[in-house]
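Note that my numbering has the sequence shown beginning at 2, numbered continuously upward.
For every residue, glycine included, the Cβ atom is placed at its ideal position computed from N, Cα and C.
To keep things clear, I will list the structure first and then write my remarks on it.
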Amino acid sequence: MPMKRIPARVNAPNLADPKRARLFVIVARDARRAVVFRRGPTRKTRLFVWNLRDDTLEAGQWFFGRIYERRCDLSPDGELLSYFAAKFVKPYGTWTAISRPPYFTALAFWPKGNSWGGGGLFEDARTFLLNHSQGEREIVALQGTPGAHGIAVKPLGRYSGGGEDEPIYTERLTRDGWSVNTPTEEKEQSFNAPVWIVFDPPRTRSLTLAGGGKQRPLTLRVLTHGYHEKNGRSWVETADVLDHEGKVLRDFGRIDWIDKDHNGDILIAREGRLERLRRGDIKAGAPRLVADLHDMTFEPVEAPSWAQTWTKRRPVKR
């Protein structure tokens with residue numbers, strides 16, 4: 002399928018700048034707290050905690066390797082992060098871990114060795130569903146952290162250990178209120194084409210935005226047009242808002258990530274920037290810049306003591 006079938010907004014002038022940092026965010030479902038994965042260059046990722054109440058960011062560790070963001074999850078209160086990582090070198094190659102964001106230092110660690118499956122989901126505050134096969138569920142005892150303290154670890158469904166970003170990504174989206182429409186035709190292009198795999202029609206997912214007063218609910222929609230953009234993003238996605246009749250009310254163009262805050266605001270990540278569009282400005286207002294995370298240089302960061310234990314929580318700022 003030729004690239005001309007992808008909507009023009011995917012191409013210039015809204016083509017994502019391949020040199021800009023990639024951002025991916027997960028919002029905690031029971032707290033106004035999120036984690037931000039800031040990737041760039043390709044094999045370097047820095048973790049942030051985004052306080053959604055005041056839009057402050059807490060910078061944390063860098064990871065030198067590959068983080069598979071779509072196989073990650075947050076505990077309901079946002080205090081624990083599960084992530085799937087790869088260095089593809091001995092002794093472990095790849096692994097799933099649980100840490101205290103914004104740090105990657107593992108409290109629980111399950112080696113895997115390959116990139117098939119991996120990651121997991123927090124079913125609730127005390128239950129973690131690990132996407133490893135039966136022979137890959139043995140936890141490695143780390144110094145001072147002998148296991149998943151106070152957390153029951155179970156396999157992720159009947160076929161635990163299978164898939165790649167799926168089924169974790171869609172299961173997490175569905176759990177968090179998104180409706181996912183996955184049936185579509187995948188059309189493989191030449192590996193050197195602008196986009197390797199094109200989805201026709203685009204895959205879509207949608208999230209209801211509650212109306213205020215007499216206003217009818219709106220719909221936040223993400224369209225996934227393709228996978229593996231040459232010299233660009235892994236996923237080619239655009240987003241818009243539909244009114245109650247299904248008409249496009251607002252077009253965001255290319256995005257890296259988009260979701261809603263607990264207060265109804267729309268949160269956006271694109272071109273290395275985090276943005277917030279207030280609920281009342283959806284029709285015509287301009288998003289407010291929260292932070293530009295593009296210009297950063299890798300540096301080693303050690304996790305503080307509170308992030309290296311299950312029992313101690315982060316200090317409270319007064």
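Boundaries of the beta strand (DSSP E) around ILE99: 95-100.
For THR175, the uninterrupted alpha helix (DSSP H) run begins and ends at 169-176, by DSSP. A residue is called buried when at least 16 other Cβ atoms come within 10 angstroms of its Cβ; TYR160 does not meet this threshold and is exposed. For ILE267, the beta-bridge partners assigned by DSSP are LYS261, LEU278. Here GLY254 carries a strand assignment [DSSP, helix/strand/coil]. Looking at LYS188, LEU174, GLU189, the one whose alpha-carbon comes closest to that of ASN182 is LEU174. The beta carbon of VAL291 sits closer than 7 Å to those of ASP56, LEU275, GLU276, ARG277, all from its chain and outside the five residues before and after it, given in chain order. Scanning GLN216, TRP197, ASP177 for the CA closest to the CA of ARG206 turns up ASP177. A distance below 7 Å between beta-carbons, with the five flanking residues on each side excluded, links GLY66 to the following residues of its chain, in chain order: ARG44, ALA86, ALA87, LYS88. Separation of the CB atoms of TRP197 and GLN190 is rounded to 6 Å, and the pair is thereby assigned contact status at 8 Å.
Pairing ASP260 with ARG271 gives a Cβ-Cβ distance that is not under 8 Å. Of the candidates TRP311, LYS155, VAL141, HIS150, the residue whose Cα lies closest to the Cα of LEU131 is LYS155.
Within the model, the alpha-carbon separation for ARG39 versus GLU80 is close to 19 Å.
Distance from the CA of PRO218 to the CA of THR209, rounded to the nearest whole angstrom, comes to 7 Å. If you look at ASP56, you'll find it isn't in any beta strand (DSSP E); DSSP assigns it neither H nor E. DSSP lists ALA35 as the beta-bridge partner residues of VAL28.
In the assembly as shown, LYS20 is an exposed residue. Its beta-carbon has fewer than 16 other beta-carbons within 10 Å. The three-state reading of DSSP puts GLU187 in strand, counting E and B together. CA-to-CA, the gap between SER100 and GLU246 works out to about 43 Å.
Taking a 10 Å sphere around the C-beta of SER76, we find 16 or more other C-beta atoms and assign the residue as buried.
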